[in-house]
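Each remark here refers to the structure printed beneath this line.
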Amino acid sequence: MLPADVRFHVIVVDDNPRFALHVWRYLGCPIGFGTGKVADIRETTEPQPPLLTTDQLTAVWWVPAADNVWRDALSNVLQNDKVKTGYCLVIVDVRGRSQHSTGDASQSSDRYRLKKACQYLEEFLRGDKRELLIVSSYGSRPEQSQQLQPVLPKSRETLLRIRAWLEELDKSSQDVMESAPYARSEKNRVEDGDAVHILVTGAGFEIRTEVNSIARNTTQFGLPNTDTLLKKMGYPFIDYWEMKECEDGFPIPAFLADFRPRHKALESFAINRRLDDYWDYILSEASRGTHASVMKGGEDREQLKIEIATLEYRMREAFRSIIKSYDWGYLNQSLDAAKLNWSTWLTTNYTGFADRSIELENPNANGQRGQGRWQTIASSSEAQYVLMRELHQGKRNQTVPVRYLFKLHGDAAQLRSMAIAGHDKEFSSPLSFAVDTLNYVYLAAERHLSQLLSSNKDARVVWHLVGHALKDRMLQKLIQRVCLLGPARRLTFIIVNPSIAGPKEELIGLLRKAKKTGASIRNLTMSAENYLARIISKDFPEEESRKQKRHTQKSPPPLKHLLANLVPSVGPPE
291 MLPADVRFHV IVVDDNPRFA LHVWRYLGCP IGFGTGKVAD IRETTEPQPP
341 LLTTDQLTAV WWVPAADNVW RDALSNVLQN DKVKTGYCLV IVDVRGRSQH
391 STGDASQSSD RYRLKKACQY LEEFLRGDKR ELLIVSSYGS RPEQSQQLQP
441 VLPKSRETLL RIRAWLEELD KSSQDVMESA PYARSEKNRV EDGDAVHILV
491 TGAGFEIRTE VNSIARNTTQ FGLPNTDTLL KKMGYPFIDY WEMKECEDGF
541 PIPAFLADFR PRHKALESFA INRRLDDYWD YILSEASRGT HASVMKGGED
591 REQLKIEIAT LEYRMREAFR SIIKSYDWGY LNQSLDAAKL NWSTWLTTNY
641 TGFADRSIEL ENPNANGQRG QGRWQTIASS SEAQYVLMRE LHQGKRNQTV
691 PVRYLFKLHG DAAQLRSMAI AGHDKEFSSP LSFAVDTLNY VYLAAERHLS
741 QLLSSNKDAR VVWHLVGHAL KDRMLQKLIQ RVCLLGPARR LTFIIVNPSI
791 AGPKEELIGL LRKAKKTGAS IRNLTMSAEN YLARIISKDF PEEESRKQKR
841 HTQKSPPPLK HLLANLVPSV GPPE
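Going by our numbering, the sequence shown opens with residue 291, and the numbers climb by one from there.
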């Protein structure tokens, strides 16, 4: 079933799905390698599921141009309700695949021919919402088209033409939207610069996208979910303890799973996916177990400390190593986020996807793309410098404004900078392995946001909680304290998550503690990749606002206007 937002359809009638996959890649800009293993075109009249662009506005359909197959397969696509009503571009290949390669030659054959296919499409193509292109792998060959139209090569120029057709349609549809009654009214309009946008990303932001249909085996970037990461950890978990399954939650090390009456707390942390508490418990219990075994052997105190620290180091390194194995390449959503005019970006991810995207999308140190250059804060020393020199004393470069990426849990580049357990983010920790005091990163982020909002008292503050479960207690306190600075009627939270319930409950709880019952909460059940792609394409998503009790009477503006100043007015450097 297609998403409700799909408006454009590109139907590729070809003997091989590879060109359809190239069209999809060019229109949607998905990150990956090659074209992967594409589907076979054995005799089937079942419609192939379409590929969707990242903004979910365009569907790319592949119809096999093969004898005995093409007519029924094409008919199935054309009968789709959304195809009937949407804008459609039909791309027809000159040559098809003969019956000998797809079926028994003795059977009666409805042979594929270009002219026959165009005649079949003639009725469908009538109207201003329809367009036809004829392509060939052998380049431009006008003599083959006869009375039809010129034949275009399967080239980059043709892909540019396809994109231009869609962009022109998209522009005309945007013009229609601008003439809507709300757009003509100045009531509730948010002017450019009248909103401060804060991006908060978590593990869900970087989960790799599962692509189905003809591109299902295309190599994708990103991380698997946290459950999978924990199950794939190496020594000492796999080789020594083995990770046992826990229903609907994180796996549990076998040395702890064997003592269920004593470890109900760990089961609760695992089922509820409370990662901070989960690691606190495992690391503490591992130290106790080592303590007992060493003392039985009569070892001295110094040897005990070494054994405990070594075991904890290996457990932490097992988690870091599995994350590093996936931490390479570029994510669509990170690249899109790096282009937008965020005031601040807070993340609890250890990876370098955000850093690499910022470097790629903002090559000019003067920050000419958007509001200013980026600076990453991922360690205690970096945070303390910001606190002492730039925030505390207010010494900012006025000609080149600075935007900060705060990596609240540190960076996977070095184990000591990774806050894995909840204790790692506290001023003092009972654990043996000393982690960089990342509480300074939280403090620097809070001080920065406080100064930012104090200097923009009349601005609407928009928090974008994208792919974050909001289970980090220190992040909750940070948001709660920052929210106390401004009026609730100017406070908006946009939760972007396939599963809204968890982060919404956490958010409502912290807003209640901050006594901000007038804040607006928007729920968007979509992936991070879809959300950022929609903002980049300026086709902003819109869902019914879900507001808490005692809201102010003034209704919040539509997302179309609320997010307008997120898209930079200055393009990338040439």
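Glycine included, each C-beta is placed from N, C-alpha and C at the ideal position. None of the values given here were measured: they were computed from a predicted structure.
Assign LYS806 to one of two classes, buried (16 or more other C-beta atoms within 10 Å of its C-beta) or exposed (fewer than that). buried
Integer Cβ distance of ARG706 from TRP664, believed to fall under 8 angstroms: Actually they are not in contact, since the Cβ atoms of ARG706 and TRP664 sit about 24 angstroms apart, beyond 8 angstroms.
Backbone secondary structure at GLU575 - three-state DSSP: helix
Which residue spans inside the stretch 719-794 form an unbroken beta strand (DSSP E) run of at least 3? 750-756 and 781-786, all fully within the stretch 719-794.
Please report how far the alpha carbon of ARG646 lies from the alpha carbon of ALA823, in whole angstroms. 18 angstroms
At a cut of 8 angstroms, does the stretch 724-744 reach the stretch 772-782 through at least three beta carbon pairs? Taking 8 angstroms as the limit for Cβ pairs, the verdict is that the stretch 772-782 does touch the stretch 724-744.
Any idea what DSSP makes of ASP714, helix, strand or coil? helix
Can you tell me the Cα-Cα spacing of ARG498 and LEU513, whole angstroms? 5 angstroms
State yes or no: is the C-beta of ASP400 within less than 7 angstroms of the C-beta of ARG361? yes
Quick one, which of GLN593, LEU519 and ARG737 has its alpha-carbon nearest TYR616's? LEU519
Could you give the DSSP three-state label for ALA703: helix, strand or coil? coil
The stretch 352-368 contacting the stretch 295-304, beta-carbon criterion three pairs below 8 angstroms: yes
Use the C-beta contact count for GLY799: other C-beta atoms within 10 angstroms, 16 or more gives buried, fewer gives exposed. exposed
Tell me whether CYS319 sits in a helix, a strand or coil according to DSSP, three-state version. Secondary structure at CYS319: coil, using DSSP grouped into helix, strand and coil.
Taking the Cβ atom as the reference point for each residue, do ALA702 and ILE613 lie within a distance shorter than 7 angstroms? Cβ atoms of ALA702 and ILE613: closer than 7 angstroms.
From LYS803 to ARG606, what does the alpha carbon distance come to, in whole angstroms? If you take the alpha carbons of LYS803 and ARG606, they lie about 34 angstroms apart.
Using alpha carbons as the reference points, say which of LEU755, VAL857, LEU636 and LEU379 lies closest to MET816. If we check each option's Cα against that of MET816, LEU755 comes out closest.
List the endpoints of the continuous alpha helix (DSSP H) containing GLU412. For GLU412, there is no enclosing alpha helix (DSSP H), since its DSSP letter is neither H nor E.
Could you tell me which residues DSSP pairs with GLU421 in its beta bridges? LEU379
Report the residue ranges of all alpha helix (DSSP H) runs contained in full by the stretch 343-368; include only those spanning at least 4 residues, in chain order. 360-368
Using 10 angstroms around the beta-carbon of LEU578, count the other beta-carbons present and answer buried if the total reaches 16, otherwise exposed. Position check: residue 578 holds Arg in this sequence, whereas Leu was assumed. Residue environment: ARG578 is assigned as exposed (fewer than 16 neighbouring CB atoms within 10 Å of its CB, all protein chains considered).
With burial defined as no fewer than 16 other Cβ atoms inside 10 Å of the residue's Cβ, what is the status of ILE785: buried or exposed? buried
Less than 8 angstroms between the CB atoms is what I'm expecting for LEU695 and ALA734, so what's the real figure, rounded? By a beta-carbon distance limit of 8 angstroms, LEU695 does not contact ALA734. Their separation comes to about 12 angstroms.
Quick one, which of ARG420, ILE424 and LYS419 has its alpha-carbon nearest GLY386's? Closest by alpha carbon: ILE424.
Here's the rule I'm using: 16 or more other beta-carbon atoms within 10 Å means buried, otherwise exposed. How should ILE561 be labelled? Using a 10 angstroms sphere on the CB of ILE561, the tally of other CB atoms stays under 16, which defines it as exposed.
Within the continuous alpha helix (DSSP H) that includes THR518, where are the two ends? Residues 516-521.
Can you tell me whether ASN652 is helix, strand or coil according to DSSP? In the three-state DSSP reduction, ASN652 falls in the coil class, being neither helix nor strand.
Could you check if PHE717 is buried or exposed, using at least 16 other CB atoms within 10 Å of its CB as the buried criterion? exposed
Let me know the secondary structure DSSP gives LEU698 once reduced to three states. Residue state, collapsed to three classes: coil.
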